[in-house]
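Student: Listed in order, the protein sequences are those of chains A and B. Going by my numbering, the first residue of the first sequence is number 128, and it counts up by one from there. Going by my numbering, the first residue of the second sequence is number 128, and it counts up by one from there. The structure under discussion is supplied below as structure tokens; questions concerning it will follow.
2 protein chains.
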Amino acid sequence: MKDIARELGVSVATVSRALSDSPSISRERRQAIQQFAREHNYFPNVIAEQLRHSRRNPSRAIGVIVPELVHYYFSSILDGIESEASSRGYHLIVAKSNESYEREVQICEAMLKNKVCGIIVSQAKDTERYDHFEHLTTAGVPLVFYDRICPALNASRVVVDDYMGTMNAVSHLIETGCKRIAFYGASMNMMIAKNRFNGYRDALYKYGLTLDEDLVRICDNRADAERITPAMMHMENRPDAFFAVNDETAIGILSVVKRMGYTVPDDVSICGFTNGFRATVCDPMLTTVEQRGTQVGKEAADILIGLVEGTLSPDHAEKRIVKTRLVIRGTTRHP
Amino acid sequence: MKDIARELGVSVATVSRALSDSPSISRERRQAIQQFAREHNYFPNVIAEQLRHSRRNPSRAIGVIVPELVHYYFSSILDGIESEASSRGYHLIVAKSNESYEREVQICEAMLKNKVCGIIVSQAKDTERYDHFEHLTTAGVPLVFYDRICPALNASRVVVDDYMGTMNAVSHLIETGCKRIAFYGASMNMMIAKNRFNGYRDALYKYGLTLDEDLVRICDNRADAERITPAMMHMENRPDAFFAVNDETAIGILSVVKRMGYTVPDDVSICGFTNGFRATVCDPMLTTVEQRGTQVGKEAADILIGLVEGTLSPDHAEKRIVKTRLVIRGTTRHP
DNA sequence: ACGGACTGCGCAAACGATTGCATTCAATTA
DNA sequence: TAATTGAATGCAATCGTTTGCGCAGTCCGT
Numbered sequence: 128m129k130d131i132a133r134e135l136g137v138s139v140a141t142v143s144r145a146l147s148d149s150p151s152i153s154r155e156r157r158q159a160i161q162q163f164a165r166e167h168n169y170f171p172n173v174i175a176e177q178l179r180h181s182r183r184n185p186s187r188a189i190g191v192i193v194p195e196l197v198h199y200y201f202s203s204i205l206d207g208i209e210s211e212a213s214s215r216g217y218h219l220i221v222a223k224s225n226e227s228y229e230r231e232v233q234i235c236e237a238m239l240k241n242k243v244c245g246i247i248v249s250q251a252k253d254t255e256r257y258d259h260f261e262h263l264t265t266a267g268v269p270l271v272f273y274d275r276i277c278p279a280l281n282a283s284r285v286v287v288d289d290y291m292g293t294m295n296a297v298s299h300l301i302e303t304g305c306k307r308i309a310f311y312g313a314s315m316n317m318m319i320a321k322n323r324f325n326g327y328r329d330a331l332y333k334y335g336l337t338l339d340e341d342l343v344r345i346c347d348n349r350a351d352a353e354r355i356t357p358a359m360m361h362m363e364n365r366p367d368a369f370f371a372v373n374d375e376t377a378i379g380i381l382s383v384v385k386r387m388g389y390t391v392p393d394d395v396s397i398c399g400f401t402n403g404f405r406a407t408v409c410d411p412m413l414t415t416v417e418q419r420g421t422q423v424g425k426e427a428a429d430i431l432i433g434l435v436e437g438t439l440s441p442d443h444a445e446k447r448i449v450k451t452r453l454v455i456r457g458t459t460r461h462p
Numbered sequence: 128m129k130d131i132a133r134e135l136g137v138s139v140a141t142v143s144r145a146l147s148d149s150p151s152i153s154r155e156r157r158q159a160i161q162q163f164a165r166e167h168n169y170f171p172n173v174i175a176e177q178l179r180h181s182r183r184n185p186s187r188a189i190g191v192i193v194p195e196l197v198h199y200y201f202s203s204i205l206d207g208i209e210s211e212a213s214s215r216g217y218h219l220i221v222a223k224s225n226e227s228y229e230r231e232v233q234i235c236e237a238m239l240k241n242k243v244c245g246i247i248v249s250q251a252k253d254t255e256r257y258d259h260f261e262h263l264t265t266a267g268v269p270l271v272f273y274d275r276i277c278p279a280l281n282a283s284r285v286v287v288d289d290y291m292g293t294m295n296a297v298s299h300l301i302e303t304g305c306k307r308i309a310f311y312g313a314s315m316n317m318m319i320a321k322n323r324f325n326g327y328r329d330a331l332y333k334y335g336l337t338l339d340e341d342l343v344r345i346c347d348n349r350a351d352a353e354r355i356t357p358a359m360m361h362m363e364n365r366p367d368a369f370f371a372v373n374d375e376t377a378i379g380i381l382s383v384v385k386r387m388g389y390t391v392p393d394d395v396s397i398c399g400f401t402n403g404f405r406a407t408v409c410d411p412m413l414t415t416v417e418q419r420g421t422q423v424g425k426e427a428a429d430i431l432i433g434l435v436e437g438t439l440s441p442d443h444a445e446k447r448i449v450k451t452r453l454v455i456r457g458t459t460r461h462p
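Encoded structure:
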């Protein structure tokens with residue numbers, strides 16, 4: 128700008144005004160300046176702009192904290208956030224917590240320092256203190272949780288309808304003739320685990336089945352599934368179906384029961400939760416609850432941007448629930 | 128800082144120096160200021176710092192451009208970049224090009240404006256002009272390519288050893304008794320496609336097999352694989368093995384030949400490339416070339432940071448090749 | 001007692017933009 | 001003719017830091 132001003136024999140202020148199309152600069156001068164700027168491909172220094180506007184205008188950088196990156200669901204969510212954000216003129220600063228509380232705190236501080244306009248976060252598994260989040264809110268940085276929300280904080284959030292998703296899935300198992308349905312869930316201190324379990328329980332009740340504690344296990348990965356499933360199948364009264372908290376676990380079950388000589392879905396039905404890459408790769412293909420990560424991501428970004436731009440009030444915590452969809456494939460019988 | 132200065136009755140300059148531990152401020156004053164700052168949890172405004180230093184110091188933001196996010200290999204690379212970058216004090220601005228040239232150009236401009244210290248990029252499939260990249264380099268923003276590199280530009284890059292990876296995989300197929308090996312590759316305008324083909328060709332030569340053009344097809348996704356594979360298997364002289372350019376395609380082949388009643392690996396061997404989630408989910412599990420995306424990402428970040436910090440010269444294009452590893456599983460016979 | 005060296009600190013100019021207010025000059029009005 | 005008005009532009013402060021330079025004051029040696 129200084130150069131332009133010098134070349135054209137005007138003041139920097141005039142250049143600034145001309146470039147922002149201020150009517151207080153005469154038409155000819157304005158156009159001359161604009162053209163000159165274009166020809167010498169001038170573009171404004173965002174840093175300086177931000178510094179000048181730091182009091183009034185937030186930046187256009189959204190911080191995103193992900194527990195891990197190589198993960199279908201989180202990738203989908205990130206994808207959704209990216210789409211929504213970029214189409215509305217925001218960009219993303221992405222960091223992964225590695226499921227570590229310490230790292231999460233560091234990241235929050237770094238993002239605060241880097242003046243993000245808001246943060247979209249899914250907590251690390253071992254996060255049990257929330258001061259770092261509260262710290263952000265009091266610093267005026269809006270926060271939106273996804274997937275793993277923080278029940279202690281009344282913050283905006285978007286989650287998947289774990290309860291209904293599981294309920295429908297288990298109902299489907301029952302309707303296709305299953306009577307003893309095992310449930311492999313995650314440890315109950317996470318909301319999502321609890322909600323899915325409740326969905327399972329209520330589906331059983333709805334159809335008059337009783338809940339057998341022996342059929343409920345904590346297991347949310349393939350290795351564990353392969354370890355504990357044989358014993359399940361050797362019970363005197365073995366399960367005729369499995370509901371797993373994610374596809375990975377379901378695949379573990381599938382591989383075990385196939386290896387043991389059972390036929391899927393006729394001897395044993397299996398249902399997962401995610402509908403990621405894996406679901407269409409196994410044989411038979413996996414019946415599973417579509418988690419719609421992209422949609423979750425979009426909603427989260429939408430809320431955050433709403434908060435930033437003031438169309439949503441920061442006092443009211445916006446809570447959105449994304450509906451799931453049951454995708455029936457080969458590991459369950461058809462109705 | 129101004130507040131601190133006022134409260135403690137010193138000048139802002141003194142505060143600044145005290146906070147940066149300058150020896151030109153007396154010990155007592157320095158400590159008093161530091162403590163006061165800590166107690167009132169002051170932290171410096173990065174924007175202002177950056178503005179001040181914009182001439183000399185680059186920012187610590189690395190721009191990352193990904194063609195897509197919901198993709199095992201790209202997720203792994205992003206993961207690698209994140210790990211390396213964050214451990215060295217950099218953060219990531221991530222954008223996805225959606226395989227679109229237009230979007231890629233937009234992103235480059237936006238990142239330039241946002242003053243990233245460098246960019247790590249894999250080109251969109253339809254990118255054929257490179258002015259936007261050259262534009263960045265002339266603007267002094269270092270560039271590192273990964274996966275899909277730009278042969279026209281002599282830029283730093285890190286790629287996987289596609290040639291040797293494929294060569295080894297095809298050799299393995301031959302050594303386990305396969306004689307007619309089909310090759311499903313991507314369109315040859317991408318370097319990676321060409322290198323993999325060359326590896327295939329040379330492996331055949333090495334073992335004295337002749338290359339049959341009928342066995343070479345352009346096919347890099349599951350749908351296409353499912354469409355064209357039946358015809359391949361109906362040839363009078365059908366292939367006894369398939370090498371596919373990625374796991375997804377290999378899975379497509381697997382599902383078709385199983386459905387047609389062939390046994391894998393005895394009737395037909397199959398080998399993929401990636402070693403992503405899918406590889407351990409299908410039945411039998413997929414023999415594939417481990418692509419080590421995380422390592423690629425780390426190397427890319429390492430180069431970029433080297434360039435930024437001046438340990439690597441911008442004049443010399445650093446080219447790194449990440450070794451692959453053949454993971455032998457159930458879709459090929461064992462040696 | 002005076003020059004030099006050193007210590008500890010403040011002034012003010014930068015970084016690159018924006019913007020309220022003052023200024024200039026010409027045209028219009030009384 | 002003098003005053004009023006309006007348009008077009010410039011001045012200078014500001015955003016929050018950093019930093020070269022200069023200015024006091026103290027201490028020492030001669």
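Cβ coordinates follow ideal geometry from the N, Cα and C atoms, glycine included. Everything numeric in this text was worked out from a predicted model, so none of it was measured.
Using 8 Å as the threshold, is the C-beta distance between Leu-431(B) and Gly-245(B) below it?
Tutor: Cβ distance < 8 Å, so Leu-431(B) and Gly-245(B) count as in contact.
Student: DSSP on Phe-170(A), reduced to helix/strand/coil?
Tutor: Of the three classes helix, strand and coil, the one that applies to Phe-170(A) here is coil, per DSSP.
Student: Return helix, strand or coil for Lys-223(B), following the three-state DSSP convention.
Tutor: Three-state result, Lys-223(B): strand.
Student: So, helix, strand or coil for Thr-293(A), using DSSP?
Tutor: In this structure, Thr-293(A) counts as helix in the three-state DSSP scheme.
Student: Give the interface partners of Glu-426(A) over in chain B, defined as CB-CB distance under 9 Å, in chain order.
Tutor: Chain B residues near Glu-426(A): none, gap ~17 Å exceeds 9 Å.
Student: What residue from Thr-141(B), Ala-212(B), Lys-242(B) has the CA that sits closest to Asn-183(B)'s CA?
Tutor: Reading off the sequence, residue 183(B) comes out as Arg, not Asn. Looking at the Cα atoms, Lys-242(B) is the closest of the given residues.
Student: Mind checking Arg-323(A): buried by the 16 CB within 10 Å criterion, or exposed?
Tutor: With 16 or more other Cβ atoms within 10 Å, it is buried.
Student: One question on the structure: do Ile-208(B) and Ile-234(B) come within less than 8 Å of each other, judged by their Cβ atoms?
Tutor: Result no, Cβ atoms of Ile-208(B) and Ile-234(B) do not sit closer than 8 Å.
Student: How about Ala-145(B) and Arg-156(B): do their beta carbons lie closer than 8 Å?
Tutor: Yes, they are a contact pair.
Student: Does the stretch 329 to 337 of chain B come into contact with the stretch 421 to 430 of chain B, if we say contact requires no fewer than three beta-carbon pairs (one atom in each stretch) closer than 8 Å?
Tutor: With a cut-off of 8 Å, the stretch 421 to 430 of chain B and the stretch 329 to 337 of chain B do not count as touching, because too few Cβ pairs lie within range.
Student: Taking only the alpha-carbon atoms, compute the straight-line gap between His-262(A) and Ile-378(B) and give it to the nearest angstrom.
Tutor: The alpha-carbon atoms of His-262(A) and Ile-378(B) are separated by roughly 48 Å.
Student: Can you tell which of Thr-414(A), Val-395(A), Gly-326(A) has its C-alpha closest to the C-alpha of Met-360(A)?
Tutor: It is Val-395(A).
Student: Of all the CB atoms in chain A, is at least one closer than 8 Å to the CB of Arg-512(B)?
Tutor: Shown here, chain B extends from 128 to 462; a query on residue 512(B) therefore has no answer.
Student: Locate the alpha helix (DSSP H) running through Val-423(A), then write down its first and last residues.
Tutor: Note, Val-423(A): alpha helix (DSSP H), 420 to 436.
Student: Within the stretch 363 to 411 of chain A, note down every full beta strand (DSSP E) run reaching 3 residues or more, in order along the chain.
Tutor: You should have 368 to 371, 396 to 401.
Student: Less than 8 Å between the C-beta atoms of Pro-194(A) and Ala-237(A), yes or no?
Tutor: Contact flag unset, no.
Student: Give the single residue among Lys-129(B), Pro-185(B), Gln-162(B) whose Cα lies nearest to the Cα of Glu-436(B).
Tutor: Answer by Cα proximity: Pro-185(B).
Student: Please report the residue range of the alpha helix (DSSP H) in which Tyr-200(B) lies.
Tutor: Taken as a continuous stretch (DSSP letters only), the alpha helix (DSSP H) holding Tyr-200(B) covers 199 to 214.
Student: What are the boundary residues of the beta strand (DSSP E) that includes Val-85(A)?
Tutor: In the structure as shown, chain A begins at 128 and stops at 462. Residue 85(A) is therefore absent and cannot be evaluated.
Student: Spatial neighbours of Ala-132(A) within its chain, please: C-beta separation below 8 Å, excluding the five flanking residues on both sides.
Tutor: Cβ neighbours of Ala-132(A) beyond the five flanking positions: Ser-138, Val-139, Thr-141, Val-142.
Student: For Thr-356(B), which of helix, strand or coil comes out of DSSP?
Tutor: Here Thr-356(B) sits in helix by DSSP.
Student: Is His-443(B) buried or exposed, if buried means 16 or more other CB atoms sit within 10 Å of its CB?
Tutor: Looking at its Cβ environment, which holds fewer than 16 other Cβ atoms inside 10 Å, His-443(B) is exposed.
Student: Is it buried or exposed for Met-291(A), if we count other Cβ within 10 angstroms and need 16 for buried?
Tutor: Buried is the call here.
Student: Going by DSSP, what residue range makes up the alpha helix (DSSP H) through Val-232(B)?
Tutor: First-last of the alpha helix (DSSP H) with Val-232(B): 228 to 240.
Student: Please identify, using Cβ separations under 7 Å, the residues of the stretch 203 to 236 of chain B that lie next to chain A, in order along the chain.
Tutor: Per Cβ criterion, the list reads Ser-203, Leu-205, Asp-206, Glu-209, Ser-213, His-218, Leu-219, Ile-220, Val-221, Ala-222, Lys-223.
Student: Is the beta carbon of Pro-269(B) closer than 8 Å to that of Pro-441(B)?
Tutor: It is a contact, given that the beta carbons lie within the stated cut-off.
Student: Name the chain A residues whose beta carbon is nearer than 7 Å to that of Ile-345(B)?
Tutor: Residues of chain A passing the Cβ test: none, with the nearest at roughly 22 Å.
Student: How long is the line joining the alpha carbons of Ser-283(A) and Lys-446(A), rounded to whole angstroms?
Tutor: So the two alpha carbons sit approximately 5 Å from each other.
Student: For Ser-149(B), collect the residues of the same chain with a Cβ closer than 6 Å to its Cβ; drop the 5 residues on either side in sequence, then sort them by chain order.
Tutor: Nothing listed; no residue qualifies.
Student: For Lys-252(A), return the contacting residues in chain B, with the cut-off set at a CB-CB distance below 8 Å.
Tutor: The contacting residues do not exist; Lys-252(A) stays about 17 Å from chain B at best.
Student: So which residues of chain A does Leu-196(B) contact, with C-beta pairs closer than 7 Å?
Tutor: Chain A residues near Leu-196(B): Ser-202, Leu-205, Asp-206, Glu-209.
Student: Are the beta-carbon atoms of Arg-344(B) and Thr-376(B) separated by less than 8 Å?
Tutor: No, the Cβ-Cβ distance between Arg-344(B) and Thr-376(B) is not below 8 Å.
Student: Is there a C-beta anywhere in chain B that falls below 8 Å from the one on Lys-242(A)?
Tutor: So, interface residue.
Student: How should Gln-177(A) be labelled, buried or exposed, when 16 other C-beta atoms within 10 angstroms of its C-beta is the threshold for buried?
Tutor: Buried, because 16 or more other Cβ atoms sit within 10 Å of the Cβ of Gln-177(A).
Student: The beta strand (DSSP E) that contains Ser-283(A), what's its start and end?
Tutor: 283 to 287 is the span of the beta strand (DSSP E), which, as asked, contains Ser-283(A).
Student: Would you say Cys-409(A) reaches chain B, if we count a Cβ-Cβ gap shorter than 8 Å as a contact?
Tutor: Judged by the 8 Å Cβ criterion, Cys-409(A) is in contact with chain B.
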